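Report on one structure; see the data block that follows.
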Amino acid sequence: MKFEHLKSLSRKAVTAALLGTTAIAALPALASSHREAPMITQYPKVDNTDVYAFRSYEPGRSAFVTLIANFIPLQDSYGGPNYFTMDPDGIYEIHIDNNGDAREDITYQFKFKQTNKNIALNVGGQMVSIPLRYAGAITDVNPATLNQNESFTINMIKGSRRQPANVAGALTNAVGGASEFQKPIDNVGNKTIPDYPAYAAKHVYSVNIPGCSVPGKVFVGQRKEGFGVNLGEIFDLVNIPTAKVIGSRSGSTNSTEVKNITSIAMEVPIACLTTADDPVIGVWSSASLPRSRLVGGKDTPLRNIILDNNLVQVSRLGMPLVNELVIGLKDKDAFNASEPKDDGQFATYVTNPTLPALLEILYGADGVKAPSVFPRGDLVAAFLTGVPGVNQPKNVVGSEMIRLNTALPTTPKGSQNSLGAAACFVNGALTLANSGCDPAGFPNGRRPGDDVVDIALRVVMGYLLPPGAGKPASAGLPYTDGVLVEDSQFDNAFPYLRNPIPGSPNGKNGEPANQ
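Start counting at 1 in the sequence shown, then tack on 42, and there's your number in my numbering.
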């Protein structure tokens, strides 16, 4: 096992911590990464909010891995007239490390383009451009009634993503061979788009992937937000009654229930992502902008982190809400600009997390105590290395990303445990015979129906630590934010996240009028 990049840790202490526990753990997280760092609040179009990586559980597709990176947080369905387009200056990327060395081996790079058709009407003898992105009903891909069209290309890069020579080629449409794909306009409403599910389905493409003998799938477009959390109360110093924090997994307000998101979704054959030596992959995503676009110019906090073509990485995401509630305020922008290979600089935030201490301050009178085991080897295992025997690569270098063991079988929709692989542990020991054990779920990858908030709350408070000194009696409490996320809330086929809430007609707070 390699720990070269855990520079801020004692090699002896980390090794001892890892050898002393087999607990699965998640980095402490209470919400998805929406507007998680000061600088990214100025660039919502490249704000990466969630990453999912899981072996496809759609019937007949278990030989594939689904990768989803969501962008543009907290979209109101009625957000016209411009709605939510991707940034044509941005570079959006999904990265895969398939040998455990904390460096990308495969990158899928998405670039977007907007085409204005300049639809005009004869008004009093003058041809005048219309003010909207559409001029009539939309039922097909890039119809004449669509005034502004979005399209995208996908390049595959093998090795370092910033070396032009490493571009392996473009993904192409398996039907016709085109390298440019169309993105559907957002769900404006039922009059403009009478059948949005059918319209969106026309934008699910079968794609040829360089070096891969079996086609994959791609979809880019608006989806209903799948992440559930009680945001308002969480960020008001966890302003939730104790009976809800330690009690029912439902009943609290889901602040994102009436929001949409923009998804970049791929389905790739497992054989095209893994090596012959190891079934475990690491996944993270990023977004970059030209330096000239950064607010503040040369004085930006990212001024020294420049990539090729003068690009600056402004967003990065692997495990949910690492930057939002784990990384210290002073380092949030730097984390967004960093790469997994350099994660040693942030290791103390994992080994000595502040969230448990905060929860003890807030709920100590009710018996809540933070673990006193340091360094937190259980968190290191899941956050930086993966768990031995579950999802740890053979030759791992400590780094933050979602790690998925593609050899573990899928769990069908309807049978998934929303507490994921964490349900496989009893008193800190892996127990596959445990009732409800579901090793196909978070933190072994992440499925849409994995309730990462509840898992993280329980784990950070010590539930998965082995018995012994430093594990508080309160570690076994059923911590929750009261917002239940489970597989019934998602589809059973790619791209899994459900069709977005329409802008019209809608009811109170923006939800569809028929809800």
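Yeah, the Cβ is synthetic: ideal placement off N, Cα and C, and Gly gets one too.
Model, not experiment: these values are computed from the prediction.
Within 8 Å, strictly: CB atoms of residue i and residue j
i: V495; j: D523; result: yes
i: A482; j: L450; result: yes
i: L109; j: M308; result: yes
i: V428; j: V310; result: The sequence as given places Gly at residue 428; Val does not occur at that position. Going by C-beta atoms, G428 is not nearer than 8 Å to V310.
i: G178; j: V439; result: no
i: V260; j: L213; result: yes
i: E577; j: G360; result: With the chain running from 43 to 557 in the structure shown, residue 577 is simply not present.
i: D480; j: A498; result: no
i: R203; j: E100; result: no
i: G231; j: S546; result: yes
i: Y85; j: V356; result: yes
i: I161; j: I172; result: yes
i: L397; j: V502; result: yes
i: I227; j: Y125; result: yes
Expected contact under 8 Å - CB spacing of residue i and residue j to nearest Å
i: E192; j: F154; result: 6 Å
i: C305; j: R265; result: Sequence check: residue 305 is Ser here, not Cys. Rounded, the Cβ-Cβ distance is 5 Å, consistent with contact.
i: K233; j: V262; result: With a Cβ gap of about 24 Å, K233 and V262 do not count as contacting.
i: K200; j: D147; result: 7 Å
i: T393; j: R418; result: 5 Å
i: T559; j: N433; result: The first residue shown for the chain is 43 and the last is 557, placing residue 559 beyond what the model contains.
i: I543; j: N302; result: 6 Å
i: V280; j: L421; result: 20 Å between Cβ atoms; not a contact.
i: Y94; j: P490; result: 6 Å
i: V354; j: A379; result: 7 Å
i: T284; j: D408; result: 5 Å
i: P509; j: G470; result: 7 Å
Beta strand (DSSP E) segment containing residue i, residue limits
i: I114; result: F106 to D118
i: T149; result: I148 to N158
i: V260; result: G258 to K266
i: P332; result: V322 to P332
i: Y241; result: Here Y241 belongs to no beta strand (DSSP E); instead the alpha helix (DSSP H) covers Y238 to A243.
i: V354; result: L353 to L359
i: V93; result: N90 to R97
i: Y247; result: Y247 to N250
i: T304; result: K301 to P311
Environment of residue i [buried if 16+ CB atoms lie within 10 Å]
i: N346; result: At N346, the pLDDT of 45 sits below 50, so the modelled position is not reliable; the number obtained from the coordinates is stated separately. Exposed.
i: F96; result: buried
i: P435; result: buried
i: I235; result: buried
i: V170; result: exposed
i: E528; result: buried
i: A242; result: buried
i: A73; result: Reliability of the predicted coordinates at A73 is poor, the pLDDT of 39 falling under 50, and the value obtained from them is presented with this limitation in mind. Classification for A73: buried.
i: T157; result: exposed
i: T91; result: buried
i: V364; result: buried
i: Y538; result: buried
i: S477; result: exposed
i: E275; result: buried
i: D426; result: The sequence shown places Leu at residue 426, rather than the Asp named in the question. L426 should be labelled buried.
i: A59; result: At A59 the pLDDT is 29, less than 50, meaning the model places this residue with poor confidence and gives no usable figure here.
i: K374; result: buried
i: Q458; result: buried
i: E222; result: exposed
i: L116; result: buried
i: N541; result: buried
i: P70; result: Its pLDDT being 32, under 50, P70 is placed unreliably in this model, and the value from its coordinates should be taken loosely. By the 10 Å Cβ count, P70 comes out buried.
Range of the contiguous alpha helix (DSSP H) that encloses residue i
i: R500; result: V494 to V502
i: F377; result: K374 to N378
i: Y405; result: L397 to Y405
i: L421; result: G419 to V422
i: I276; result: L273 to I276
i: N365; result: V364 to L367
i: Y134; result: Careful: Y134 lies outside any alpha helix (DSSP H), inside the beta strand (DSSP E) at I133 to D139.
i: V525; result: Where V525 is concerned, there is no enclosing alpha helix (DSSP H), given that its DSSP letter is neither H nor E.
Minimum Cβ-Cβ distance from residue i to chain B less than 8 Å
i: R204; result: Looking at the structure shown, chain B is missing, and only one protein chain is on hand.
Among the options, nearest to residue i - alpha-carbon criterion
i: K513; options: A412, G478 and F467; result: A412
i: K159; options: L174, Q190 and G386; result: Q190
i: R291; options: L472, Y405 and V525; result: V525
i: R500; options: L188, D480 and G462; result: G462
i: D129; options: P185, G102 and F194; result: F194
i: Y391; options: F416, D319, L174 and S546; result: F416
i: A210; options: D182, N250 and S460; result: N250
i: D493; options: N296, G510, E222 and G406; result: N296
i: C40; options: A216, D89, L426 and V183; result: Any answer about residue 40 is impossible in this case: the structure gives the chain only from 43 up to 557.
i: I312; options: A535, D89, A105 and R540; result: A105
i: P454; options: S530, L367, L371 and G470; result: S530
i: L174; options: F126, S98, Q168 and L188; result: L188
i: P382; options: D131, V410, S328 and G132; result: S328
i: H137; options: A186, M198 and V183; result: M198
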